[in-house]
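In the numbering used here, the protein residues as written are 8 to 416.
Quick look at the structure:
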């Protein structure tokens, strides 16, 4: 907004300069002429509060980047960018079908462990011993087959001919087969020796272990279904159906923004931070929403400057956000500033000469052009940081004079 005001000021000065070059003024420069009656004001310092503007970003207070805790294929998506979602709403299913099978497998293993525990408690018959021996032989054959398969995969993996997932799958198959064989060995031993106290304890531990595996599988199943933790609008969609999220997990799935509340963050110098207090209200504008002014409450003033910039971070809570506000918009916050006796003039007192901005003052009853430096705005007046001294008489209608014009007031 300050940039626009200085643009209008520049156009105003161009108009004034054009008016000063009319034929009437050019003729009047020749020879003596009566003194021109001008309006003047005595320059005095203004000790009232002004303000500066500091740009910052509007940020949604609740903005969540949603990631997957498990790896696998994105099987189903239930959202698109721009959709409004509720808290707890299902957004995606990642590897859910496979994990559901893992749950069923874990439940089957638990059931088997429970049956085994019952057998231990009751003791074994000859038929059961024969069955256990046959099961162990099958387990031995399965182990040999899985180990041979793993050796082939391991060799190919060393040549980068197979993926990591295939290697891991073969390794898990060996470990699983070894576990089943160990269980068969234990089962046969128990069948031959009969149930002992230690055997019962082992069977009970196997039941507990299988139960824990069920719990872990169900937890993975729950986490494979991605749900929205907040209510808001989907601002970013990071995956599509059919994509594979590679282990390690943590890949982004979506981002959801709660557009009901916003904050503004700005950085100010040490000269300005002293004029800002927590719980105070400051006004700000938003670049894409011209002509509107909003209020924000100061919720945080940093007690220490940033090491690199030496600026202090200030956070403000937006009061009554506009529906058109969005995360990432630029806000310009008005920060109060007490000027140390600043000299100010009305914009109409400024003019332009030879491309320089300046003013006319009265010296020895003549108009004298003085180049000035503009320091900013203070209300509807312009701060003159250099070129104008307290006590001088400033001509407020510079369009009717030029350098050396005799004046009276």
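Note that CB positions come from ideal geometry on N, CA and C, so glycine has one too.
Keep in mind it's a predicted model, so treat the numbers as computed, not measured.
So what does residue 61 bridge to, in DSSP terms? Residue 61 sits at position 54 when you count from the first residue of the chain shown. Answer is 340.
Distance, Cα to Cα, residue 224 vs residue 198? Here residue 224 corresponds to residue number 217 of the chain shown, with the count starting at 1. Here residue 198 corresponds to residue number 191 of the chain shown, with the count starting at 1. C-alpha separation (whole angstroms): 31 Å.
Would you call the CB atoms of residue 394 and residue 380 closer than 8 Å? In the chain shown, the residue the question calls residue 394 occupies position 387. In the chain shown, the residue the question calls residue 380 occupies position 373. Yes, the pair counts as a contact, with Cβ atoms nearer than the cut-off.
When burial is assigned at 16 or more other CB atoms within 10 Å of the CB, is residue 160 buried or exposed? Stepping through the chain shown from its first residue, residue 160 is reached at position 153. Buried, by the Cβ-count rule.
Compute the Euclidean distance between the alpha carbons of residue 21 and residue 406, then round it to the nearest angstrom. Locating residue 21 in the chain shown gives position 14, counting from the first residue. Locating residue 406 in the chain shown gives position 399, counting from the first residue. Because the pLDDT of residue 21 is 47, which lies under 50, any placement of that residue in the model is unreliable, and the number read from its coordinates should be weighed accordingly. Going from the Cα of residue 21 to the Cα of residue 406 covers about 11 Å.
Going by DSSP, what residue range makes up the beta strand (DSSP E) through residue 305? One-based indexing of the chain shown puts residue 305 at position 298. Its beta strand (DSSP E) spans residues 296-308.
Could you check if residue 252 is buried or exposed, using at least 16 other CB atoms within 10 Å of its CB as the buried criterion? The residue labelled residue 252 in the question sits at position 245 within the chain shown. When all chains shown are included, residue 252 counts as buried.
Residue 43 and residue 413 closer than 8 Å at C-beta: Locating residue 43 in the chain shown gives position 36, counting from the first residue. Locating residue 413 in the chain shown gives position 406, counting from the first residue. Yes; because the gap between Cβ atoms is below 8 Å, this pair is in contact.
Using the Cα positions of residue 358 and residue 364, report the straight-line distance between them to the nearest angstrom. For the purposes of this step, residue 358 is taken as the residue at position 351 of the chain shown. For the purposes of this step, residue 364 is taken as the residue at position 357 of the chain shown. So the two alpha carbons sit approximately 6 Å from each other.
Would the segment 267-278 and the segment 309-328 be scored as touching if the rule is three or more Cβ pairs under 8 Å? yes
I believe residue 5 touches residue 51 by the beta-carbon criterion, under 8 Å. Please report the beta-carbon distance rounded to the nearest angstrom. Outside the shown range of the chain, which is 8 to 416, sits residue 5, and nothing can be said about it.
Coil, strand or helix - residue 115 by DSSP: Taking the first residue of the chain shown as position 1, residue 115 is located at position 108. In the structure shown, residue 115 sits in a helix (DSSP, three-state: H, G or I).
Going by C-alpha to C-alpha distance, which of 293, 374, 91 sits closest to residue 401? In the chain shown, residue 401 corresponds to position 394, counting from 1. Residue 401 has its Cα closest to that of 374, out of 293, 374, 91.
Across the segment 66-76 and the segment 274-288, are there enough close Cβ pairs to call them in contact, namely three or more that are closer than 8 Å? no
So, are the CB atoms of residue 339 and residue 291 less than 8 Å apart? By 1-based counting over the chain shown, the position of residue 339 is 332. By 1-based counting over the chain shown, the position of residue 291 is 284. Yes, the Cβ-Cβ distance between residue 339 and residue 291 is below 8 Å.
Which residues mark the beginning and the end of the alpha helix (DSSP H) in which residue 218 is found? As a working mapping, residue 218 is identified with position 211 in the chain shown. It spans 204-230 - the alpha helix (DSSP H) in which residue 218 sits, taken as one unbroken run.
Do residue 245 and residue 221 have their C-beta atoms closer together than 8 Å? Mapped onto the chain shown, residue 245 falls at position 238. Mapped onto the chain shown, residue 221 falls at position 214. Not closer than 8 Å, so no.
Proximity to residue 329 [Cα-Cα], best of 40, 164, 67: Residue numbering aside, residue 329 sits at position 322 when the chain shown is read from its first letter. Taking only the C-alpha atoms, the option nearest residue 329 is 67.
According to DSSP, is residue 253 part of a helix, a strand, or is it coil? What you label residue 253 is simply residue 246 of the chain shown in a count that begins at 1. Coil at residue 253, not helix or strand.
For residue 351, I'd like the list of residues in its chain whose CB is within less than 6 Å of its CB, leaving aside the five on either flank, ordered along the chain. Here residue 351 corresponds to residue number 344 of the chain shown, with the count starting at 1. The residues are 53, 385, 388, 390.
Please report the Cβ distance between residue 101 and residue 127, rounded to the nearest whole angstrom; I am assuming they are in contact, meaning their Cβ atoms lie under 8 Å. If you number the chain shown from 1, residue 101 lands on position 94. If you number the chain shown from 1, residue 127 lands on position 120. Not confirmed; about 40 Å, so no contact.
Where DSSP assigns a beta bridge to residue 80, which residues make up the other side? The residue you call residue 80 lines up with position 73 of the chain shown. Partner(s): 251.
Determine the burial state of residue 2: buried for a count of at least 16 other Cβ atoms within 10 Å of its Cβ, exposed for fewer. For the chain, the structure presents residues 8 to 416; residue 2 sits outside this window and is missing.
Threshold first: 3 residues or longer. Then list the beta strand (DSSP E) segments lying entirely within the segment 321-404, N to C. 337-345, 349-352, 358-360, 363-370, 373-378, 380-385, 388-393, 400-402
From the DSSP output, which residues share a beta bridge with residue 156? For the purposes of this step, residue 156 is identified with residue 149 of the chain shown, where counting begins at 1. None, per the DSSP bridge assignment.
Taking its Cβ as the centre, do 16 or more other Cβ atoms sit within 10 Å of residue 98, making it buried, or is it exposed? Taking the chain shown and counting its residues from 1, the one referred to as residue 98 is at position 91. Buried, by the Cβ-count rule.
Exposed or buried, residue 301, counting other C-beta atoms within 10 Å across all chains shown (16 or more means buried)? The residue labelled residue 301 in the question sits at position 294 within the chain shown. Buried: at least 16 other Cβ atoms inside 10 Å.
Under 8 Å by Cβ, that's how I've got residue 86 and residue 232 pegged, so tell me the actual separation to the nearest angstrom. In the chain shown, counting from the first residue as 1, residue 86 sits at position 79. In the chain shown, counting from the first residue as 1, residue 232 sits at position 225. With 8 Å as the limit, residue 86 and residue 232 do not qualify as a contact, their Cβ atoms being about 13 Å apart.
Exposure of residue 349, with buried meaning 16 or more beta-carbon neighbours within 10 Å: For the purposes of this step, residue 349 is taken as residue 342 along the chain shown, with counting starting at 1. Looking at its Cβ environment, which holds 16 or more other Cβ atoms inside 10 Å, residue 349 is buried.
Identity of the residues DSSP links to residue 141 by a beta bridge: Here residue 141 refers to the residue found at position 134 when the chain shown is read from its first residue. Residue 141 is not bridged to any residue.
How would you write the range of the beta strand (DSSP E) that residue 100 sits in, first residue to last? Here residue 100 refers to the residue found at position 93 when the chain shown is read from its first residue. Segment 97-101, the beta strand (DSSP E) holding residue 100.
Host beta strand (DSSP E) of residue 241 (start-end): Sequence index remark: in the chain shown, residue 241 carries index 234 (1-based). Note, residue 241: beta strand (DSSP E), 239-244.
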